[in-house]
Each structure stands twice: as C-alpha cells, then as structure tokens.
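With the first letter of the first sequence counted as 1, position 369 gets the number 901 in this note's numbering; the numbers rise by one all the way through. All C-beta atoms, glycine included, are put in the ideal place defined by N, C-alpha and C. Inspection log for the structure reproduced underneath, given as structure tokens.
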Amino acid sequence: MSKNSLVASVLYELADYSEMEDDQPYRARAYRRAAQTISSLEEDIEDISQKGALREIPGIGEGIEKKVVEILSTGKLQTLEKMKQRNAVDVTSLTKVEGIGPKTVKALYRELKIRNLDDLESAIKGGRLADFRGLGVKDPKLLLEHIQNAKLQSNRVLLEEAEHIADKVRAELGKLRNISRFEIAGSFRRKKETVGDLDVLVETDNPGEVVQNFTKTDEVREVIVAGEYKASVKFAKNFQVDLRVIPSQSWGAALLYFTGSKAHNIELRTRALKMKYHLSEYGLFKEDNETLVAGKSEEEVYKALDMDYIEPELRENRGEIQAAASHKLPKLLNLEDILGDLQMHTIWSDGNESVRDMAEAARKLGYEYIAVTDHVGSLKIANALDAAAIKQQAKEIEKLNEEYEKQGIPFHVIHGAEVNIKADAKLDMPDSVLKEIELVLASIHSGFNDDATKIMKRFTAAFENENVDIIAHPSGRLILERSGYRFNLNEMIEKSLATETVLEIDAYPNRLDLNDQNAYDAIKAGCTLSIDTDSHTSSELVYMKGGVDQARKAWAERRDILNTKSYRDLVKFLES
DNA sequence: GCCGTTTTCGGCCCGACTGTTTTCAGTCG
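Listed below in structure tokens is the structure:
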C-alpha cells in the first residue's frame, strides 16, 4: 500500500482546518487540489519524493512540497497539529455530516462551542440549535439521521450491487411519462470498483413534472432536495440517487460533466480556457459566453477541443487527456474479445456444480474454452483435491473433451488447479503432480499479515516454479472488507516479465484483483494479464464483464490479455 | 498556495439548491 492516501488525507484535513481558520479560500482550495491529484496518482508518492520530482506534479509548489516531505518522514504535519490544538474541533468528522462544511463548523464552535459529532447531537436534542442560523437542515430528526450516517462508514457499494440499483432506476424511469432519454453517469459509468451514488441525467420537455414524479416513485425512501431541474433522493439502505434534467443542446456537455471524474473535468476546462473557450455542463462556449461551439454529444465536445473521444472508464486524469490530444489512446479491450475463462471451481472442491455444468454454461456464453481450477493440496476449508483425486478429475475432463470432439463441438475444457502458496514459501503440491496439470494458478490463502519481504519471498517461489502459469488474485484484497497483503508491485511486475508468468485480474465482484491502478502499471510494463471469474457456480461466469471493465480502466488492449487467445494459441503459450 | 502562448501579480472550474438570503454565502457535486 502506497503512502498516497495518507498524504492526501492529511492535506484534505489541512484544507478543512485552513478554510475554517482563515479567509484565504484559495489556499484551502490549493491543498484540496493537491490532495485530489495525489490520491489519483498512479505512482507512489514516496518514489516521486525520493526522485525529487514532487514539484513536477501539477498543483504542488514550494509550500506543499515541504508539507508532503514532512508527512512522508513523520506521518504528520506540525502546522495541522497546531491548528487542531488551537481549535480542538473535529472538523473532519463534522464536515462528513450532510449540509455541514468548514464554515458551518466554525460558526457552530463560535456560537455553541460544538467540537464534535456528540456535541452536535446533544445540542440538537437539547434544542440549542433552534436559533442557529446557517445550517442547511432544519428538521432535527433528519439532522440526527445525517449524523448517524456520518458516524457510519461510507455508503459505497460494489459496482456489481450498483448495477442492480441502476436496474431499479431504469425501471422507475421507464414508468414515467415525457422522458425522451436518460443515462446513468458518474463513477458508475466510469466503472469504478465501488460506487457512492448514482447520477441520473434525463432529457424531457416537462422538467418540473418529471422531477416531482421521480421523487414519488416506489424506491424513494427520502427526498433530500427537489427543485425544478434537480432532485436528490435516498433509496433503500441510504443509497443516494441524484436526478438532473438536461436540455437537449447540452446533453453531451452534461453527460461529460456528470460522468467526471472531477479531475478529468478540471483538466478539460483548463484545456478549454487555454483554447479561449469556456466549458460547463451546458456546453463549450466562445469567450463571450454566449456562442455555443459544442454540447449535443460528448464526441462533439472532445472534437472541438482537438481530442479523440475518451471512453468513460479512462476518465480519471491518468494521462488520457494528453493521449487523446496526441491520438495515442489505447484501443480498449471488449467483452467479446474474451474467448474463455481460466479460473473456476466445481463440486470437486468448493464449487457448486459439475465440470459439465460449468462447461455447458460457458458454451452458452460463446466461449471456446474454460479451465477448471479446483483447489488442490491441503486447504481443508476449500475441500482441496489430493494427488489421487486430481488424476480422477483429469480422466473425467478427458472424457468430456472426447465427447465434444466426437460431436464436432469446438469447445475444450482445460484441466487446471489452484495451488496454495504456503507460509513457508512452498507450493502446497509436489512438482511431480503439478507438471501433469495443464494450467496451474498459484495464490496466497494464509499468512496475510506477513511483511512485504516475506510475501515477496513466497510469491517468488511461485514465479520461479516452471509449472505455475498464473498468479491468481495477487493482492488478496476483498473490496470494502480487507485491504490485502503487503506486496511489492514493481517486484511482482519484474518477476512476471522475467518468468513469463501471467498476473490475474480476478473478476469476482468483491475482488477485482489486481485493482485498476496495479493492472495499469503491469500492462504499461508489458505484462500479460488474464481475466478470470473465480466462479463457484455457473451463474457467476457473467462476472467476466466486471473483470473486463476493470481491465479497461487499466487501459488494457486485446493483446494484453491471455484469454483473448484462441484455444490453439493458448495451448501453445502454456506449453512454451 | 499555485501558476504563466496575455501575467512573477492577480487570477484560480462552474452552476444548482437552500435558507429566512432582500442580493448572497455555504454546500455539494
């Protein structure tokens, strides 16, 4: 785990306290901007600092450079610590409450001596907030709810879950009249691994009516705001959905703006300004602010800015703007390019269906092949196979393949295995057994707390074993649950290249492992990746789409991904 | 605090919604 998020969070905090303390809003904004840039940086901030290249990062000058260096060496910032002592106010928590920003925090402290969420809660319950001016939410019950939300963790959900909520939104919008088109934008459209809310754009001639009717649909549990052109509501589980009405001539500009990311938008607007334009969600305008240059479609706006069209997945300000301006964007991988799935489990180990069931389901998806990769070795919870069972399974698979061949069905089941890399850096199955298996995945399932050196020693054993073809779910993270083990990505990439071992993007919705940043780095370095679903039942094979989305965010092209190869080429690769 | 194809000073992305605001500040995305 890099220090980028630490540095970013300290800078964000500094921005909040600064905004509260002094009247130089642009200083706070500069901190926030730098924090934003650093948190979306692909490179480790510590490496950049060691190279002395911090000042090359846009938004980092003399002052912030010093602060970053201090955070990296001490983990803290003296200026911020002093501010905290001076104010003794928990700005970070208080600003998490909906409707409360730094200015309100300052007023709450000045007038009511409120320092934290508990103070705020008791002030509301004691009715002391009744005469307080300037707080957006007047209803005490609602405010208490917002405080509870602030105390809980974020409401972000997995992309997979967001897809289901999006289906509900689509269903509700389908019932409303007078909507000529709609689109769900935001981080959902960019296919971020987690989604915090849904941004729904609607085109209609009856804005007020559509907004009002939307707030009355069955899924809506609470209305936060509802104006003529915009509504914010909460669905079940506190999940926020924002609806915005967009005029037709601005559809593309609005879609662009609300798809984001914020960093991407700021870069675009800055580029527009340099070209003597002015970009907002209403369109790209000439300097006079009246002449519309482009706005109907995203393509039109990008074109007017002398850029190629940028796919939503790429809009994270990771160099896509420069690439689009110089016509060097990648030709992104598509789901149709995937010809097989190389990790799945059956009833032989901890899966729920037979080899044949999985194969038939994969054929329906149009695949040429699958690899059945049940757990092997001593992993008891996963009902791992021993050497004898592996042999039996090989026979079953051989028979099924013969059957397909006889019937002239061009489909192949590859006999694979997922072998555990043990804490002592040995594989959980002797080489004599592994070499008989056509495709071996190696992965870590224990000793998660080992330090990076030990983890790398274990991975190295796997990389250097000639029977191992793929390192499965390399980081071991579970999104929103655990962060994964400490590994050294650069070393993983080096080893992957040196030993021609493939790194996996495990497409299971709460894994997506490698994550997009790491996968981006690996692809840039020239590694081959595979995208596998890790399915334990045939209905999970469709998780491939999430894996492809993740790979697209990592700028993956068809040639970067192992399972875009035909069966013949794949076998050649495995044998080489 | 950052930054420069107008600039080393004077700008900084932009607009909707809310409150009790009679002309705008704060918050949010």
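By DSSP's criteria, residue i is part of a beta bridge. Which residues make up the other side?
i	result
Arg-713	Glu-735
Ala-949	Val-972
His-907	Glu-950
Leu-1061	Leu-1035 and Ile-1093
Arg-776	Leu-733 and Lys-762
Tyr-809	Lys-818
Val-727	Val-689
Glu-754	Lys-766
Asp-1045	Asp-1038
Ser-504	Limits of the chain in this structure are 533 at one end and 1108 at the other, which puts residue 504 out of reach.
Val-1000	Val-972
Leu-917	Val-908
Leu-1012	Note: Leu-1012 sits in no beta bridge, so no partner.
Ala-836	Bridge partners of Ala-836: none, in fact.
Leu-824	Phe-817
Leu-959	Ile-953
His-944	Tyr-901
Expressed to the nearest angstrom, what Euclidean distance is found between the alpha-carbon atoms of residue i and residue j?
i	j	result
Val-701	Glu-892	33 Å
Ala-1083	Leu-1046	9 Å
Glu-848	Glu-735	26 Å
Leu-733	Ala-994	48 Å
Met-533	Ser-1007	No answer about Met-533 holds up, because its pLDDT of 45 lies below 50 and its placement is not dependable.
Ala-540	Val-601	12 Å
Gly-631	Leu-667	7 Å
Ala-916	Glu-1036	21 Å
Leu-774	Pro-557	Note that residue 774 is Asp in the sequence shown here, rather than Leu. Straight-line Cα distance between these residues: approximately 28 Å.
Pro-844	Thr-791	7 Å
Thr-749	Trp-1087	38 Å
Leu-644	Leu-676	17 Å
Phe-817	His-810	5 Å
Tyr-1110	Ile-679	Nothing in the structure corresponds to residue 1110, since the chain is present only between 533 and 1108.
Asp-1038	Lys-958	22 Å
Gly-728	Asn-770	10 Å
Gln-617	Leu-609	13 Å
Glu-937	His-1068	26 Å
Asn-536	Phe-1019	16 Å
Leu-649	Leu-546	19 Å
Ala-804	Gln-568	21 Å
Glu-551	Leu-652	20 Å
Leu-846	Leu-1106	31 Å
Ser-1108	Gly-979	32 Å
With 16 other CB atoms within 10 Å as the buried threshold, where does residue i fall?
i	result
Thr-878	buried
Ile-941	exposed
Val-757	exposed
Arg-564	buried
Lys-766	buried
Tyr-901	buried
Gly-883	buried
Tyr-1017	buried
Asp-554	exposed
Ser-1071	exposed
Gln-875	buried
Arg-990	buried
Gly-759	exposed
Thr-606	exposed
Gln-1049	buried
Tyr-841	exposed
Lys-635	exposed
His-907	buried
Gly-1079	buried
Gln-781	exposed
Asn-710	exposed
Mind reading off the beta-carbon distance from residue i to residue j? Whole number of angstroms is fine, and I expect it under 8 Å.
i	j	result
Asp-963	Asn-999	6 Å
Arg-1090	Leu-865	5 Å
Ile-1025	Ala-1054	5 Å
Asp-873	Leu-1073	6 Å
Leu-1113	Ile-596	Residue numbering for the chain in the displayed model covers 533 to 1108; residue 1113 lies beyond these limits and cannot be assessed.
Leu-973	Glu-950	4 Å
Glu-928	Ile-946	Their Cβ separation, rounded to whole angstroms, is 13 Å, which puts Glu-928 and Ile-946 out of contact at 8 Å.
Lys-808	Glu-822	Incorrect: roughly 14 Å between the Cβ atoms, too far for contact.
Taking 8 Å as the cut-off, is the CB of residue i close to at least one heavy atom of the ligand ADP?
i	result
Leu-543	This structure lacks the ligand ADP; in fact it carries no ligand of any kind.
Unbroken alpha helix (DSSP H) runs of length 4 or more, entirely within the region 854 to 908: which are they?
887 to 896
Counting only runs that start and end within the region 615 to 671, where is the alpha helix (DSSP H) found for 4 or more residues in a row?
623 to 626, 634 to 644 and 649 to 657
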